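Colleague:
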Amino acid sequence: MAMNVSPVPHLDDEVNEIRLATAEIINEEILPVEEKLWGYSFDGSRASRESIAEANDLRRQIRDKVKQRNLWAPHLPPEFGGMGLSFLQHAYMNEVLAYSPGAASLFGVVAPNSGNQKILVKYGSPDQHRKWLIPLTEGRMQSGFSMTEPHNAGSDPRSIQTRAELDGDEWVINGHKWFTSNGHAADFFIVMCRTSDPDDPGGVNDRMTQIIVPKDTPGVNVIRGVPVWGKASSHCEIKYENVRVPKENQLGRTGSGHQAAQDRLGAGRIYHCMNSVGSMWRTFDLMVERITTRVVHGGEKLEEKQFMQGFIADSYMDIQASRLMVVDCANKMESGADSRTDISAIKIFVPAAYHRVVDRAIQVFGAKGVSGDLPLAGFYTGARTLRIADGPDEVHKILIAKNILRRYHAGETWDFGN
Ligand SMILES: Cc1cc2nc3c(=O)[nH]c(=O)nc-3n(C[C@H](O)[C@H](O)[C@H](O)COP(=O)(O)OP(=O)(O)OC[C@H]3O[C@@H](n4cnc5c(N)ncnc54)[C@H](O)[C@@H]3O)c2cc1C
7 MAMNVSPVPH
17 LDDEVNEIRL
27 ATAEIINEEI
37 LPVEEKLWGY
47 SFDGSRASRE
57 SIAEANDLRR
67 QIRDKVKQRN
77 LWAPHLPPEF
87 GGMGLSFLQH
97 AYMNEVLAYS
107 PGAASLFGVV
117 APNSGNQKIL
127 VKYGSPDQHR
137 KWLIPLTEGR
147 MQSGFSMTEP
157 HNAGSDPRSI
167 QTRAELDGDE
177 WVINGHKWFT
187 SNGHAADFFI
197 VMCRTSDPDD
207 PGGVNDRMTQ
217 IIVPKDTPGV
227 NVIRGVPVWG
237 KASSHCEIKY
247 ENVRVPKENQ
257 LGRTGSGHQA
267 AQDRLGAGRI
277 YHCMNSVGSM
287 WRTFDLMVER
297 ITTRVVHGGE
307 KLEEKQFMQG
317 FIADSYMDIQ
327 ASRLMVVDCA
337 NKMESGADSR
347 TDISAIKIFV
357 PAAYHRVVDR
367 AIQVFGAKGV
377 SGDLPLAGFY
387 TGARTLRIAD
397 GPDEVHKILI
407 AKNILRRYHA
417 GETWDFGN
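Each residue of the sequence shown is one higher than the one before, starting from 7 at the first, in the working numbering.
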């Protein structure tokens, strides 16, 4: 089934053209071969060499078409081979490209590389651009972002214990990280390190620095890919043991690591939420199609049943509410208004709505819903994971409440129109 995308009246021509061109690639190039692109990885048996070679070949052809249509790397400026989209344009493109799972990688936006690329664009020196950013954007290198630690609360970055100490012209790094995504393939990691004495009177947020660490540096020990949802993964546990890198591998000034992480996460949350909207859109199409075709007891189609009609209505509301909240938040962010409360709100609401929408679709499909023949099982675990990654729900609820209470304590009330 093709994705139904037509111009949105209140959007400008440029955004509409991007959405339509993206949908054309999704509908004509990706959906017809979706099973061949990724399907082999759901097959319990070992994938054959031929099927892997065919998938690689198909992916290369699609990437070439994406580049010909100027839809490559929406998150990067043109000088680094990207589309140079504004924040809002990129968000609108994401809801379309996330219709097909994995399609983002065919448009040159793959986490964690995309987040690292943005950090390198903003904080990297010309030399770091040449050495790390350009090979990364050209696909000659892979990367990981190494922040979370097994023995400290990842939801509180101030608890990070990995230390980097200056010894002459070198940083010496010691620490234990895990869930460093893409760890097996990565050529380098951006590692979040504590770079000053914990008793230092400076601000808590000024004590972190992000440092580029090539994976082949002595002392970088990738222990394992941590299994996730019962499957092998590339989210790696890594020990950094007396790892020495040149001082010039630090990103930005010493102590700017916390700000760089905030920059990465703020925009990233909107992109993730728009991706979730795209995945919900696909889920909805699949579910409604099934409801209109499946015949059950008594020879009636599922669409005759009120339980099923309820699923359609509830999912419609979940998707529309999510989409409007994300678009509103992205508009605020683009206009430079304080959008922190809204970012936290979508970070909680959208993954939960996504989870509900996929849960209903799985129920409608029965056994097929949990099978590898549909993208639903992957969406389901993805939605659940999103409630933890990039800040768990509880932390965002605390932030929302704090921001609101601050206003009321200052004698104001909340203006929901702005
Ligand atoms: C698939 C996946 C990929 C990931 N990729 C990366 C990556 O590439 N790089 C990286 O560095 N990290 C990555 N992470 C880690 C992720 O960012 C962390 O899991 C997340 O920040 C939460 O940290 P934590 O797991 O240590 O949980 P904790 O901080 O221990 O929190 C656990 C739970 O405690 C509760 N809680 C925490 N704080 C509060 C509070 N203040 N009040 C009330 N309740 C609270 C919440 O219920 C929370 O879910 C990834 C995680 C997953 C699952």
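Even glycine gets a Cβ: it sits at the ideal position worked out from N, Cα and C.
All values derive from a computational prediction rather than experimental measurement.
The beta strand (DSSP E) with Trp184 in it runs from where to where?
Modeller: Its beta strand (DSSP E) spans residues 176 to 186.
Colleague: Could you check whether Phe195 and Val219 sit closer than 7 Å to each other, using their CB atoms as the reference points?
Modeller: Yes, the pair counts as a contact, with Cβ atoms nearer than the cut-off.
Colleague: Do Leu271 and Tyr129 count as a contact pair if the criterion is CB distance below 7 Å?
Modeller: In this structure, Leu271 does not lie closer than 7 Å to Tyr129 by Cβ.
Colleague: Is Gly160 close to ligand 1? I mean its beta-carbon at under 6 Å from any heavy atom of the ligand.
Modeller: Yes; taking the cut-off as 6 Å, the Cβ of Gly160 has a heavy atom of ligand 1 nearer than that.
Colleague: Distance check for Gly263 and Glu101, CA to CA, integer angstroms please.
Modeller: Approximately 30 Å, taken between the alpha carbons.
Colleague: Measure the C-alpha to C-alpha separation of Thr223 and Arg329 and round it to an integer number of angstroms.
Modeller: In a straight line, the C-alpha of Thr223 is about 44 Å away from that of Arg329.
Colleague: Can you grab the Cα-Cα spacing for the pair Ser111 / Gly375, in whole Å?
Modeller: Looking at the two C-alpha atoms, the distance is approximately 25 Å.
Colleague: At a cut-off of 6 Å, is Met153 close to ligand 1 when judged by its beta-carbon and the heavy atoms of the ligand?
Modeller: Met153: yes, Cβ under 6 Å from ligand 1.
Colleague: Between the stretch 287 to 304 and the stretch 359 to 372, do three or more beta carbon pairs fall short of 8 Å?
Modeller: Yes: at least three Cβ pairs fall under 8 Å.
Colleague: Would you call the stretch 125 to 139 and the stretch 172 to 185 touching, i.e. three or more CB-CB distances under 8 Å?
Modeller: Output reads no: the stretch 172 to 185 does not touch the stretch 125 to 139.
Colleague: Return the first residue and the last residue of the beta strand (DSSP E) that Asn100 is part of.
Modeller: First-last for Asn100: 93 to 103, but that is the alpha helix (DSSP H), not the beta strand (DSSP E).
Colleague: Nearer than 6 Å: is that true of the beta carbon of Ile32 relative to any heavy atom of ligand 1?
Modeller: For ligand 1, not one heavy atom lies less than 6 Å from the Cβ of Ile32.
Colleague: Give the DSSP-derived three-state secondary structure of Ile276 in the structure shown.
Modeller: Looking at Ile276 - three-state DSSP - the assignment turns out to be helix.
Colleague: Taking 6 Å as the cut-off, is the CB of Ala395 close to at least one heavy atom of ligand 1?
Modeller: Yes, the Cβ of Ala395 comes within 6 Å of a heavy atom of ligand 1.
Colleague: Comparing C-alpha positions only, which one of Cys335, Leu43, Pro83 sits nearest to Leu64?
Modeller: Of the listed residues, the one whose Cα sits closest to Leu64 is Leu43.
Colleague: Would you identify the three-state DSSP class for Lys71, choosing helix, strand or coil?
Modeller: Three-state DSSP puts Lys71 in a helix.
Colleague: Pull up the distance between the alpha-carbon of Tyr386 and that of Ala373, whole angstroms please.
Modeller: When rounded, the distance between both Cα atoms is 14 Å.
Colleague: Do Gly114 and Gly150 have their C-beta atoms closer together than 7 Å?
Modeller: Not in contact: Gly114 and Gly150 (Cβ atoms no closer than 7 Å).
Colleague: Give me the Cα-Cα distance between Val226 and Ser239, rounded to the nearest whole angstrom.
Modeller: Cα to Cα, Val226 sits roughly 19 Å from Ser239.
Colleague: Between which residues of its own chain and Ala97 is the CB-CB distance below 6 Å, once the five residues before and five after are set aside?
Modeller: Once the five neighbours on either side are set aside, the close Cβ partners of Ala97 are Ile276, Met280, Ala336.
Colleague: In whole angstroms, what separates the C-alpha of Ser6 from that of Ala273?
Modeller: There is no way to answer for residue 6, as the model of the chain reaches only from 7 to 424.
Colleague: In whole angstroms, give me the CA-to-CA distance for Leu83 and Ser341.
Modeller: The sequence as given places Pro at residue 83; Leu does not occur at that position. In a straight line, the C-alpha of Pro83 is about 19 Å away from that of Ser341.
Colleague: Gly316 by DSSP, collapsed to three states: which one?
Modeller: The answer is helix: DSSP assigns Gly316 an H, G or I state.
Colleague: Measuring straight from C-alpha to C-alpha, what distance separates Val283 and Gln134?
Modeller: Roughly 35 Å between the two C-alpha positions.
Colleague: At the level of alpha carbons, what is the spacing between Asp334 and Gly304?
Modeller: Approximately 45 Å between the Cα atoms of the pair.
Colleague: Look at the alpha carbon of Thr168 and the alpha carbon of Ser202, and state the distance between them as a whole number of angstroms.
Modeller: Rounded to whole angstroms, Thr168 to Ser202 spans 11 Å at the Cα level.
Colleague: Just mark Arg259 as buried or exposed, buried being the case when its beta carbon has 16 or more other beta carbons within 10 Å.
Modeller: With fewer than 16 Cβ atoms within 10 Å of its Cβ, Arg259 is classed as exposed.
Colleague: Quick check on the burial criterion: 16 or more other C-beta atoms within 10 angstroms. Buried or exposed for Gln95?
Modeller: Per the 10 Å Cβ criterion, buried.
Colleague: Using a 10 Å radius around the Cβ and a threshold of 16 neighbouring Cβ atoms, would you call Tyr414 buried or exposed?
Modeller: By the neighbour-count rule (16 or more Cβ atoms within 10 Å), Tyr414 is not buried but exposed.
Colleague: At a threshold of 6 Å, does His241 count as lining ligand 1 (C-beta to nearest heavy atom)?
Modeller: His241 Cβ: within cutoff of ligand 1.
Colleague: Which value, in whole angstroms, describes the spacing of the CA atoms of Ser131 and Ala267?
Modeller: If you take the alpha carbons of Ser131 and Ala267, they lie about 17 Å apart.
Colleague: Would you say Ile406 and Ser350 are within 7 Å of each other, going by their C-beta atoms?
Modeller: Contact flag set, yes.
Colleague: Got a sec, what are the start and stop residues for the alpha helix (DSSP H) Leu411 sits in?
Modeller: Leu411 -> alpha helix (DSSP H) spans 399 to 415.
Colleague: Whose CA, out of Gln148, Met7, Val116, Asn62, lies closest to the CA of Pro38?
Modeller: The shortest Cα separation from Pro38 among Gln148, Met7, Val116, Asn62 belongs to Met7.
Colleague: Indicate, with yes or no, if ligand 1 has a heavy atom lying under 6 Å from the CB of Glu400.
Modeller: It does: the Cβ of Glu400 is within 6 Å (strictly closer) of some heavy atom of ligand 1.
Colleague: Please report the Cβ distance between Arg75 and Ala109, rounded to the nearest whole angstrom; I am assuming they are in contact, meaning their Cβ atoms lie under 8 Å.
Modeller: Contact doesn't hold; Cβ gap of about 14 Å is too wide.
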